[in-house]
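Novice:
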Amino acid sequence: MGRSPNCQVYVGDLTVSREHALVKRVDDHFVVEDLSSGNGTYVNEERVESHELNDSDEIRISNSVFRFVKRPIPQTKWVSMVTVDSSWDPEKYTFRDSRPSLPALVQVETDEHLRHDLAKAHRMLKTFYAVSAATSSILDPTTLFNKILDALFAIFTSAERGFILLKDEQEQLVPRVIRRRKGAGHQGGLSISQSIVNRVMEEGVSVITAASDASDDESIAEPSRMCAPLIVRGETLGLLHIEGRVGEPQFTQEDLDLLSGVAHQAAVVIHNASLHQRLMTRQRLERDLRLARQVQQSFLPSDLPQIAGYSFNHEYAPLYEVGGDFYDFLRLPSGQLAVLIGDISGKGISAALLMARLTSELRYYAISESTPHRVLARANEFLLKNAHDNMFATALYLVLDPTTHSITIANAGHIPAQLWRAATGKVEPLEDSTNMALGVLAETEYDQSVVKLNLGDRILLSTDGVIEATNQEHEEFGQARLTEIIGASEASDLCSEVLHAVRHFSGEMSSNIDDITLVSLSRNK
Numbered sequence: 164m165g166r167s168p169n170c171q172v173y174v175g176d177l178t179v180s181r182e183h184a185l186v187k188r189v190d191d192h193f194v195v196e197d198l199s200s201g202n203g204t205y206v207n208e209e210r211v212e213s214h215e216l217n218d219s220d221e222i223r224i225s226n227s228v229f230r231f232v233k234r235p236i237p238q239t240k241w242v243s244m245v246t247v248d249s250s251w252d253p254e255k256y257t258f259r260d261s262r263p264s265l266p267a268l269v270q271v272e273t274d275e276h277l278r279h280d281l282a283k284a285h286r287m288l289k290t291f292y293a294v295s296a297a298t299s300s301i302l303d304p305t306t307l308f309n310k311i312l313d314a315l316f317a318i319f320t321s322a323e324r325g326f327i328l329l330k331d332e333q334e335q336l337v338p339r340v341i342r343r344r345k346g347a348g349h350q351g352g353l354s355i356s357q358s359i360v361n362r363v364m365e366e367g368v369s370v371i372t373a374a375s376d377a378s379d380d381e382s383i384a385e386p387s388r389m390c391a392p393l394i395v396r397g398e399t400l401g402l403l404h405i406e407g408r409v410g411e412p413q414f415t416q417e418d419l420d421l422l423s424g425v426a427h428q429a430a431v432v433i434h435n436a437s438l439h440q441r442l443m444t445r446q447r448l449e450r451d452l453r454l455a456r457q458v459q460q461s462f463l464p465s466d467l468p469q470i471a472g473y474s475f476n477h478e479y480a481p482l483y484e485v486g487g488d489f490y491d492f493l494r495l496p497s498g499q500l501a502v503l504i505g506d507i508s509g510k511g512i513s514a515a516l517l518m519a520r521l522t523s524e525l526r527y528y529a530i531s532e533s534t535p536h537r538v539l540a541r542a543n544e545f546l547l548k549n550a551h552d553n554m555f556a557t558a559l560y561l562v563l564d565p566t567t568h569s570i571t572i573a574n575a576g577h578i579p580a581q582l583w584r585a586a587t588g589k590v591e592p593l594e595d596s597t598n599m600a601l602g603v604l605a606e607t608e609y610d611q612s613v614v615k616l617n618l619g620d621r622i623l624l625s626t627d628g629v630i631e632a633t634n635q636e637h638e639e640f641g642q643a644r645l646t647e648i649i650g651a652s653e654a655s656d657l658c659s660e661v662l663h664a665v666r667h668f669s670g671e672m673s674s675n676i677d678d679i680t681l682v683s684l685s686r687n688k
């Protein structure tokens, strides 16, 4: 039993596997076996792999149901292939157990039935091939929907109008195409019984209506209508609706069976087109994110500063392709070096865009203002005027004077810089100049402090992704671990050692840690 022409029982349904199930005689009884089919074989609505058949058992493969009857079989003409669909009367068919070469045959009572069924099978196959040829290579949804309706108008010559409704992201049915036989467009609006829609969508059955079914007022002329669900892998995507001309002959059960078959075929094509659209959208998004990452990287310094007696290092690891962390090295007209690190609230594209704008502004303020606290004050004014959705930023800005070996530092709500003293081997958080984050409060006054750097001293600047990283036990990396690594690492490896330690600590949770940015400077002469 299956869709292959070589099967003794041919089932013209695309949801049936080519070799779907086997009915065979074993000693004095019969057994049905599923042949690893895609949609399964059911006996009395229970899925089976192998099952001994009893009298009146119903075998269902996809939409076709057979009844196994154990009774004497009259001598009649036998055939080896018929088309099976939901309109067949199972009382007309039985399995014969006396021909081992054909263990599961179908008995047709009259030549008239045979000719009718074969003609019906031929029409269905011809229709399926036509629909497949018209739609198989189309991936654009709008073109696909119109092609499906073109094929249906060719099949049902009395059809006047058709439409396809699909569920959107909110599970609401939305018209995707409405067509009259001549021309496209939303001509005449959309009219369909809500009860019909509910039955088709909830029960997954096809429905046919006549004039008296479609209107409470029998004096109003109504066309015959057919409605079939679009089902893929047990999920109802939407429905396919066809209505005829007023005064034309009503659609028949055979027409409905044919529409149901086309709907199954169309559902697969629509599903594949939808997957293609999602894939294309994802690829475009990934391409845009890669480009955004390149653009964001262009706002970050490409080279480390070269200052006699000092060495610098950095690590930049955004959670996504783009992030809200930023850092910068700026050579000032005075010969001093400004070092900047910051973090925009939020993640992703919005944070990256604000980061790009803010870093540009900070570079301008660094040149035009002589002190760190004034640079942050100007940046605060900028964010209050230009940031949206309550976005803010933390930033730490320091200026290194290599002639006096001192730094002047101002902090806008950022994690304090960590100063490791070579003389004592201890870490000192530089917290004296910490103030409100940027973009929170107007007219904020920012403090600054001056720190002397001795030979061998080093400073680490970081974003909160370091100390807030968690492991599987929801334990944070914390300040204590950071302090330990700062004291145990070489100056040239400090940033990479911290990043490695955080990722090792987080383990399988490392893919969920926040953006991490690290900048270090050390005095070596």
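Using this note's numbering, the first residue of the sequence shown is number 164, and each one after it goes up by one.
We treat Cβ as the ideally placed atom computed from N, Cα and C, and that holds for glycine.
Keep in mind it's a predicted model, so treat the numbers as computed, not measured.
#1: Using only alpha-carbon positions, find the residue among K345, L616, E365, A575 that is nearest to K330.
#2: Which residue's Cα is closest to the Cα of G619: S356, A585, G628, G509?
#3: Taking DSSP as the reference, what is the three-state secondary structure of L604?
#4: With DSSP as the reference, please indicate the residues paired to R223 in a beta bridge.
#5: Just to confirm my understanding: we take V613, look at its own chain, exclude 5 residues before and 5 after, and list those with CB closer than 6 Å. What are they?
#6: Flag this pair as yes or no: are the beta carbons of V562 and T646 separated by less than 8 Å?
#7: Can you tell me which of the three DSSP states I311 falls into?
#8: Among K187, A430, M554, P412, which has the Cα closest to the Cα of T320?
#9: If you count every other CB in all the chains shown that lies within 10 Å of the CB of V337, and 16 or more means buried, which is it?
#10: Taking 7 Å as the line, does the beta carbon of Y560 fall inside it for any heavy atom of the ligand NAP?
#11: Within 10 Å of its beta-carbon, does E406 have 16 or more other beta-carbons around it, so buried, or fewer, so exposed?
#12: Alpha carbon to alpha carbon, how far is I512 from K688?
#13: Here's a check: name, in chain order, each residue in its chain whose Cβ is nearer than 7 Å to the Cβ of A377, leaving out the five neighbours to either side.
#14: Given a threshold of 16 other Cβ atoms within 10 Å of its Cβ, counted over all protein chains shown, does V409 qualify as buried or as exposed?
#15: Between which residues of its own chain and S659 is the CB-CB distance below 8 Å, once the five residues before and five after are set aside?
#16: Using only the alpha-carbon positions, how far apart do S227 and D303 sit?
#17: Between H551, A632, V682, E631, which has its C-alpha nearest S655's C-alpha?
#18: Going by beta-carbon coordinates alone, are G487 and M443 separated by less than 8 Å?
#19: Tell me the rounded alpha-carbon separation between E323 and T399.
#20: Can A575 and A515 be called in contact, C-beta distance under 8 Å?
#21: With a Cβ-Cβ cutoff of 8 Å, do G201 and S180 count as a contact?
#22: Run through the DSSP bridge pairs and tell me what Q581 is partnered with.
#23: By a C-beta neighbour count over all protein chains shown, 10 Å radius and 16 as the cutoff for buried, is D197 buried or exposed?
#24: State buried or exposed for V340, treating a residue as buried only when at least 16 other CB atoms are found within 10 Å of its CB.
#25: So C658 is in the alpha helix (DSSP H); what residue range does that whole segment cover?
#26: Taking all protein chains shown into account, decide if Y527 is buried (16 or more other Cβ within 10 angstroms of its Cβ) or exposed.
#27: So, with DSSP's three-state summary, where would you put E365?
#28: To which residues does DSSP link C390 through a beta bridge?
#29: Between which two residues does the beta strand (DSSP E) harbouring I676 extend?
#30: Mapping the DSSP letters down to three states, classify S295 as helix, strand or coil.
#31: Would you say L421 and I327 are within 8 Å of each other, going by their C-beta atoms?
#32: Determine whether the beta carbon atoms of S225 and Q428 lie at a separation below 8 Å.
#33: Between E182 and L662, what straight-line distance do the alpha-carbon atoms span, to the nearest angstrom?
#34: Return the chain-ordered list of same chain residues with a C-beta closer than 6 Å to the C-beta of Q459, the five sequence neighbours on each side being excluded.
#35: By Cβ distance, which residues of its chain are closer than 8 Å to K548, with the 5 residues on each side in sequence left out?
#36: So what does DSSP say about T597, is it helix, strand or coil?
Specialist: On the basis of the coordinates in this document:
#1: E365
#2: A585
#3: coil
#4: Partner(s): Y205, V228.
#5: S569, T571
#6: no
#7: helix
#8: P412
#9: Here V337 is exposed. Its C-beta has fewer than 16 other C-beta atoms within 10 Å.
#10: As presented, the structure is devoid of all ligands, the ligand NAP included, so that no description of it is given.
#11: buried
#12: 42 Å
#13: Any reading at A377 is ruled out, since the residue's pLDDT is 45, under 50, leaving its predicted position unreliable.
#14: exposed
#15: N476, E478
#16: 32 Å
#17: V682
#18: no
#19: 25 Å
#20: no
#21: yes
#22: P592, L623
#23: buried
#24: buried
#25: 657-669
#26: exposed
#27: helix
#28: V370, H404
#29: First-last for I676: undefined, no H or E at that position.
#30: Residue state, collapsed to three classes: helix.
#31: No, the Cβ-Cβ distance between L421 and I327 is not below 8 Å.
#32: Their beta carbons are not under 8 Å apart, which means S225 does not touch Q428 by this criterion.
#33: Here the alpha carbon of E182 sits roughly 57 Å from the alpha carbon of L662.
#34: V485, A515
#35: none
#36: strand
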